[in-house]
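**Student:** Numbering (this note's numbering), first residue to last: 1201 to 2295.
Glycine is no exception: its CB is placed at the ideal position from the N, C-alpha and C atoms.
The structure follows.
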């Protein structure tokens, strides 16, 4: 069995798998089809040049109920096309309520009973009266299923084709619709077709390798001639077809725009037995068996099909529109993966398996490769040569989360103790013993799988081999049978060859006027009294080994002696901030249980001591210096928790000035906004790393504080930054305390060094994340927690071998919370390929986007933002153009062909390009951009997935008694209905959007007010009401917060309220106010870029 086919294939585009009985899903794209009016799509990122302002023909709509003009006609900011094509008052999510759209039953078969079902788009009737507003216009962009190598005859009607060819790249759109001429060179995958109520959404069952969107049909070969009238836009000589895919099934020739499947190594996509040579199976037409009406679909077409006979003259056509449901939907891909791969455990025993998506809940069984919770790769099948890698332009990278927390059902890595001899390693490359090492000569020696060096096995480690050449104790030793495990390190692995002391936590509290005035200091001191009982501890330890200390500061620093023998705490002031020292050693760092009374007394006194302060100026660098010196004096590693409120303008090292300047945006100097304004913090960070001093920074700014500079030390020491702008206790208390509790309690490794080793042929060349590097191989982390990732990019330095594959080993040396020195090892084996098709079949788009975002966000430090954006677009176009040129079967240049596992690359990449870092809106502050930039740098794949493409959950569509998470809908204004309530989350923010026409009972149940107008906009807490809806919504909010590493503050947004603009910023499939393209426009732009590369 080929490795690449071992896991179930990623589900095909947008559809259920009819071969699995009982497989049910909601309507197409997770939503009923849309009956929306056509919209005019502007050129990529700009205004629409010269389209005709003619009223749309065809479907008409009733005026919106809310009295607001439809978004398509409302004025938009200059230079932008209208924002959406629905009025706020319309139901924007699906067809007229009289039309029921539902999926084809999964078990339905037609054609050969032995062949897997290949379902087709519903019959499209090209003639007859135009549809009424209650009918659905089935418009599909020409999506194709294509593959990698040799063409094979296509199955009947599989895929998504066009009923109308588009203008070629040099032409303009036909004027039959509401479009005037289109910008030069831009091809849009449009289609038109009409049908009665109950048009089936397109379906398919074969796992396609690519999704194609058809644009101009200028270059494809002609069809066999047939009599019959022309379809709209069809060339003479083509056969009249009953669906929008006009495809010849002659295997030897390339296919016209429409649908094709091409073969690939391994099992071929399923096909129907041919019904008639040369022509596809038709639905309800003259070539195929008639089909009875489907359950829950509208009736069959009222008129008798007239294929093959000449009907009367053609009727007027409905207006054209690119249907968003016909382009790849992230929601559908996520849903398909959950259904296909969520039920089975992911067993890691097979090399090069692509894991389920990060959005799928699945169990992992470690059988020799590290769990995807620890390592995810951009591709699990890497090119054998550097030339092939350069040709494909797919970055080869791994996102590594060495201390990731696991669900309770999965066991933590086993700890292996080899005693004084320490872990067994290769003598040459120093790789650690792992399941891929090869034992030879009866078990007396082993060959290193990374560098091929032959090593002797120490006598105490010797074991005989069985008849397969494996050691007989393989399954008794985690390091021989598991992908992840830990070794206890010997004294040789410790700093200065000394066993480390347990780490310490130092709380450093800003007591300037701003911090006292907002109530922050009182709140913090009150919380710390109870929180200190929850310091992280090892295994079953009764109490934490971590010691704690306290410092307060404004322009000067105050140290506190909280020795257990004292009746009251003692304060010592250091006013010489230029030459920082620690005024006491004994009594500064203490055990919480021994000094509890003194610490409680101190925490009671701090808010009172400074309650009358008028000191507004603060220092910052000396605070970090003091904490680091204290750890150095105590000879231990540890973490500083700094609570800071303002720009440090007091005379001291690290003093900063306000350099915020929005005029620099979109200029060559914009990069300076992301760079630190002084080098002092980099050198301070270097000292901290050497000491194992990690810094977590909690910021409470009311104005600019220069996050770009203040976050340098947390960033380089492996720490975190939390930001609470305009902090108010009543609004932000819950968020701050939740973040603080989690931050104090989470398991951290201190004084860590990580190295990634690879087998011969590739090597690690670049690293992204929150860490410091003093050489080219060692990632140094003063602290590392379970949320942080390190992203590593690999390049070829030699040819790889398809048989032996490629190996990665990540080794992390760290000090645990109990002061134990440990080595955590993660191993992963990847496949290698000589065919580009194998590379494209084994990529993971979510990991690719994680890497590309980090690459871009680092790029803004040194290059203009526009250059960074262009680089991303070019690389994406090169990846897709290489696939088109080398893997897809020949087809018209007017088709956009995407690899199956990369079909979401354009939509996700567009989200990165529209993000606040690369395309800021007017309301985004410089500090916000710097904050998000450093946050994304160490995010894992699940976090970047929801951060760039937020989840939008309808709350009132599913029955109240159903407490499971409702299925998400696409992040677009089109999907909002003004009679519903939606929850949107992106890992940092949580919005509750309330439509203007929500039922009064729903408003009463959730908000305890009698009407929509009485709901407080901007509300951040829902009232606790004892009714099923309130319990359900609050429960859902709690469960979403539990999934994320930071507490998401809730904001209630009313439709047509001023806060709605902020909410719409997260509807990433729409055009953004800052000029970012809509998903549809960006797809067209990508297509144009790919065509330019191919020509």
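Ends of the beta strand (DSSP E) at residue 2153?
**Tutor:** 2151–2154
**Student:** Got a sec? Which residues, its chain only, sit under 6 Å from residue 1605 by beta carbon, not counting five neighbours each side?
**Tutor:** Once the five neighbours on either side are set aside, the close Cβ partners of residue 1605 are 1986.
**Student:** Beta strand (DSSP E) containing residue 1985: first to last residue?
**Tutor:** 1979–1985
**Student:** Give me the residue from 1891, 1817, 1897 with the minimum Cα distance to residue 1829.
**Tutor:** 1891
**Student:** Going by other Cβ atoms of all chains shown within 10 Å of its Cβ, with 16 needed for buried, is residue 1846 buried or exposed?
**Tutor:** buried
**Student:** How big is the Cα-Cα spacing for residue 1800 and residue 1729?
**Tutor:** 6 Å
**Student:** Tell me the start and end of each unbroken beta strand (DSSP E) in the stretch 1986–2029 that is at least 3 residues and wholly inside, in chain order.
**Tutor:** 1990–1996, 2006–2015
**Student:** I'd like to know whether the C-beta atoms of residue 1969 and residue 1991 end up nearer to each other than 9 Å.
**Tutor:** yes
**Student:** Note down, in chain order, each residue of its chain lying with its Cβ closer than 6 Å to the Cβ of residue 2190, except the 5 sequence neighbours on either side.
**Tutor:** 2248, 2250
**Student:** Going by Cα to Cα distance, which pick from 1897, 1561, 1950 is closest to residue 1543?
**Tutor:** 1561
**Student:** Based on DSSP bridge pairs, tell me the residues matched to residue 1647.
**Tutor:** 1638, 1654
**Student:** Short of 7 Å in beta carbon distance, which residues of its chain neighbour residue 1504, apart from the five on each side in sequence? Order them along the chain.
**Tutor:** Bear in mind that the predicted position of residue 1504 carries a pLDDT of just 37, short of 50, making it unreliable; the figure below should be weighed with that in mind. Hits under 7 Å: none found.
**Student:** Taking 7 Å as the limit between beta carbons, can you name the residues of its chain near residue 1802, skipping five residues before and five after?
**Tutor:** 1750, 1760, 1762, 1769
**Student:** Which residue's Cα is closest to the Cα of residue 1618: 1688, 1657, 1669?
**Tutor:** 1688
**Student:** What first and last residue would you give for the beta strand (DSSP E) that runs through residue 1760?
**Tutor:** 1757–1761
**Student:** Which partner residues of residue 1579 appear in the DSSP bridge assignment?
**Tutor:** 2043
**Student:** So, helix, strand or coil for residue 1955, using DSSP?
**Tutor:** strand
**Student:** By a C-beta neighbour count over all protein chains shown, 10 Å radius and 16 as the cutoff for buried, is residue 1977 buried or exposed?
**Tutor:** Around the beta carbon of residue 1977, fewer than 16 other beta carbons sit within 10 angstroms, so the residue counts as exposed.
**Student:** Whose CA, out of 2284, 1584, 1548, lies closest to the CA of residue 2000?
**Tutor:** 1584
**Student:** Here's the rule I'm using: 16 or more other beta-carbon atoms within 10 Å means buried, otherwise exposed. How should residue 2265 be labelled?
**Tutor:** buried
**Student:** Please list the terminal residues of the continuous alpha helix (DSSP H) segment that includes residue 1715.
**Tutor:** 1713–1717
**Student:** Which runs of the alpha helix (DSSP H) spanning at least 4 residues fall entirely within the stretch 1815–1873, listed in chain order?
**Tutor:** 1821–1834
**Student:** From the DSSP output, in three-state form, read off residue 1449 for me.
**Tutor:** Per-residue confidence for residue 1449 stands at a pLDDT of 33, beneath the threshold of 50, marking its modelled position as unreliable; no derived number is given.
**Student:** So, for residue 1305: in the same chain, excluding its five sequence neighbours on each side, which residues have a beta-carbon less than 6 Å away from its beta-carbon?
**Tutor:** Here residue 1305 scores only 37 on pLDDT, less than 50, and its place in the model should not be relied on; the value that follows carries that caveat. Nothing meets the Cβ criterion.
**Student:** Confirm, please, whether the CB-CB distance from residue 2143 to residue 2245 is below 9 Å.
**Tutor:** yes
**Student:** What residues in its chain sit with their C-beta under 6 Å from that of residue 1555, if we drop five residues either side in the sequence?
**Tutor:** 1546, 1572
**Student:** Does DSSP classify residue 1659 as helix, strand or coil?
**Tutor:** helix
**Student:** Near residue 2267, which residues of its chain fall below 6 Å by C-beta distance, leaving aside the five closest residues on each side in sequence?
**Tutor:** 2171, 2172, 2173
**Student:** Which partner residues of residue 1962 appear in the DSSP bridge assignment?
**Tutor:** 1996
**Student:** Is there contact between the stretch 1949–1957 and the stretch 2007–2018, where contact requires at least three CB pairs shorter than 8 Å?
**Tutor:** yes
**Student:** With residue 1923 as the anchor, note down where its beta strand (DSSP E) starts and where it stops.
**Tutor:** 1921–1923
**Student:** Buried or exposed: which applies to residue 2162, given that a residue is buried once 16 or more other Cβ atoms fall within 10 Å of its Cβ?
**Tutor:** exposed
**Student:** What does residue 1708 pair with, by DSSP beta-bridge criteria?
**Tutor:** 1751, 1842
**Student:** Does residue 2129 come out as helix, strand or coil in the three-state DSSP assignment?
**Tutor:** helix
**Student:** State the Cα-Cα distance for the pair residue 2201 and residue 2254, rounded to the nearest angstrom.
**Tutor:** 16 Å
**Student:** Alpha carbon to alpha carbon, how far is residue 1795 from residue 1735?
**Tutor:** 15 Å
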